[in-house]
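Notes to accompany the following structure.
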Amino acid sequence: MPTKKKNNSFIKQLKKYIAIKGLEIVIHLVNGEVIELQNNVRLEKNTIVIKNKNREFHIPISDIKSIDLYAA
Numbered sequence: 020m021p022t023k024k025k026n027n028s029f030i031k032q033l034k035k036y037i038a039i040k041g042l043e044i045v046i047h048l049v050n051g052e053v054i055e056l057q058n059n060v061r062l063e064k065n066t067i068v069i070k071n072k073n074r075e076f077h078i079p080i081s082d083i084k085s086i087d088l089y090a091a
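So the sequence shown is numbered by my numbering: it starts at 20 and just counts up by one.
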């Protein structure tokens, strides 16, 4: 499967997971960092945007190594 098609499939699946309330998403980045997503998360193009109080954090899809999902 070509890389672009895999990327589009991954983004579509990620959108579905972000929309599910009560689902905890743990992102493992290429640099070894681990980020837990719970609330105030949205997907914009090829970036995950996390809003925390008055700040926004952007995580490029290309920086994601793997994702774990947990039902809360």
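C-beta: ideal position from N, C-alpha, C; glycine also.
C-beta contact flag for residue i and residue j at 8 Å
i	j	result
Leu56	Ile44	yes
Ile46	Val60	no
Leu48	Lys84	yes
Leu88	Leu62	no
Ile86	Thr66	no
Proximal residues to residue i (C-beta, below 8 Å), its chain only, five neighbours per side dropped
i	result
Asn50	Asp82
Residue(s) in a DSSP beta bridge with residue i
i	result
Tyr89	Glu43
Leu103	Summary: the structure shown does not reach residue 103, with the chain confined to residues 20 through 91, and so no result is reported for it.
Phe76	Ile69
Same chain, Cβ closer than 7 Å to residue i, neighbours up to 5 away in sequence not counted
i	result
Lys70	Asn59
Lys31	none
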